[in-house]
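Take the sequence shown: its position 3, counting from 1, is numbered 2 in numbering that gives the first Met the number 0, and each next residue is one higher.
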Amino acid sequence: MEIVKAKDNDHVIQIGIKWCIKQSRELVAVGIPVLHYYSK
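Written out as structure tokens, the structure reads:
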């Protein structure tokens, strides 16, 4: 798992952003009309 290999918090944040983008693209591809995000 990529997150376990992260060297610091900045790397963890970048992994999370990549995961979010990937999941968003997958959801849009199957027809989900609206995506809502929360961030810190």
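Positions of the beta carbon are idealized from the N, C-alpha and C atoms, including for glycine.
Relative to the C-alpha of Ser38, which residue among Ile12, Glu25, Lys6 is closest?
Along the sequence shown, one-based indexing puts residue 38 at 39. Minimum Cα distance to Ser38 is reached at Ile12.
Going by beta-carbon coordinates alone, are Ile2 and Ile14 separated by less than 9 Å?
If you number the sequence shown from 1, residue 2 lands on position 3. If you number the sequence shown from 1, residue 14 lands on position 15. Cβ atoms of Ile2 and Ile14: closer than 9 Å.
Name the two residues that bound the continuous alpha helix (DSSP H) containing Asp9.
Here residue 9 corresponds to residue number 10 of the sequence shown, with the count starting at 1. Counting along the chain, the alpha helix (DSSP H) containing Asp9 begins and ends at 8-28.
DSSP state of Ile2, grouped into three classes?
Along the sequence shown, one-based indexing puts residue 2 at 3. Helix, per DSSP.
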